[in-house]
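In the numbering used here, the protein residues as written are 281 to 511.
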C-alpha cells in the first residue's frame, strides 16, 4: 500500500507549499502528490485551482501572472500565520528528493488551457532533476494532456485520473495506474485493474479505518492530507 502526501502534509500546513512538503518529508513520507500550472512567463506553479480566489482571496488566474507576481499574493494560512506563497516546481523538487519513492505530478490542463505545458514540464525535469524522472508519475483528468506526455516521452510513467472508470483509456495511454475518488471505487474496478496490470490509487482518504477497508477491497494506494497517520 502506497501513501501519497496529498499536496504535502496539507492537514497541517498550507497545501502545495514548501512548508507542506517539508513537513511531509520530515514525517517520513516517500510518496507525494502535487499540481502544476503554467504562468504567463513559463514558470511551473504548484497550486491546485486555476485561480487564487479560494487560496489568496484574489480573483486572478495563474495563467495571467508571472513568476514575480506569485510573490504578490500571500496565501491564507490558518496554521501558523506565516506568509507563504505559491511556489515553483523547482522549489519543491529538492525538498521531496531525499528518500523519494514516487512523486505524482498532476497537470492541471483541462481543455489545453496551457498550450505547451507538457513539453515545458518534461524539459524542466530533464534539465533540473534528471535523476528523478524515473520516480515521476504524471497524471491528469485531461486525456489529451496525458497523450501528449506519452508522445513526448515514450518512457514516461502515467496515471490516468478519472471520474468515470474506463480501463481502455488507461491501456491506450500505456498507463501504469488509475486514480479516482474513493467514493467511486469498487472491488470490481480493482479486479479489472489487476487483470490488466494496473495499480489503483484513491483520493482523498484521511481516516485509517477507511484506508484499511479500501486496501482489503483491492486499492494499491491512497492520497491523504494526513500523511502522519500512515507513515
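Beta carbons: idealized from backbone N, C-alpha and C, even for Gly.
Report the residue from the options whose alpha carbon sits nearest the alpha carbon of residue i.
i, options, result
"residue 310", "365, 339, 375, 334", "375"
"residue 322", "472, 476, 395, 462", "395"
"residue 433", "447, 417, 370", "417"
"residue 293", "282, 357, 338, 370", "357"
"residue 326", "409, 421, 301, 480", "301"
"residue 313", "285, 369, 347", "285"
"residue 320", "443, 338, 298, 347", "347"
"residue 364", "306, 336, 465", "336"
"residue 291", "497, 360, 377, 489", "360"
"residue 298", "474, 445, 344, 370", "370"
"residue 451", "423, 465, 463", "423"
"residue 328", "404, 368, 492", "368"
"residue 456", "342, 334, 415", "415"
"residue 429", "409, 443, 445, 405", "405"
"residue 316", "444, 419, 435", "419"
"residue 476", "492, 458, 462, 490", "458"
Using the beta-carbon count (16 or more within 10 Å), is residue i buried or exposed?
i, result
"residue 505", "buried"
"residue 454", "exposed"
"residue 407", "exposed"
"residue 388", "buried"
"residue 535", "No information on residue 535 is available, as it lies outside the stretch 281 to 511 that the chain covers here."
"residue 511", "exposed"
"residue 431", "exposed"
"residue 288", "buried"
"residue 501", "buried"
"residue 435", "exposed"
"residue 256", "There is simply no residue 256 to check, as the chain begins at 281 and stops at 511 in what is shown."
"residue 296", "buried"
Looking at the secondary structure, which residues open and close the alpha helix (DSSP H) in which residue i lies?
i, result
"residue 448", "447-453"
"residue 339", "Here residue 339 belongs to no alpha helix (DSSP H); instead the beta strand (DSSP E) covers 338-341."
"residue 493", "488-496"
"residue 376", "369-376"
"residue 303", "298-307"
"residue 472", "467-475"
Start and end of the beta strand (DSSP E) containing residue i?
i, result
"residue 285", "282-286"
"residue 424", "Not the beta strand (DSSP E): residue 424 falls in the alpha helix (DSSP H), residues 423-432."
"residue 318", "311-318"
"residue 325", "324-326"
"residue 437", "437-441"
"residue 418", "416-420"
"residue 511", "Segment: none, residue 511 is in no beta strand (DSSP E) and carries neither H nor E."
"residue 479", "479-483"
"residue 457", "457-461"
"residue 503", "501-504"
Under 8 Å between the Cβ atoms of residue i and residue j?
i, j, result
"residue 468", "residue 425", "no"
"residue 439", "residue 384", "yes"
"residue 507", "residue 354", "no"
"residue 380", "residue 412", "yes"
"residue 478", "residue 460", "no"
"residue 340", "residue 350", "no"
"residue 447", "residue 472", "yes"
"residue 324", "residue 318", "yes"
"residue 282", "residue 382", "yes"
"residue 496", "residue 480", "no"
"residue 421", "residue 441", "yes"
"residue 330", "residue 342", "yes"
"residue 462", "residue 494", "yes"
Practice prompt. Counting only runs of 4+ residues fully inside the region 385-412, write out the alpha helix (DSSP H) ranges in chain order.
Written response: Runs found: 397-408.
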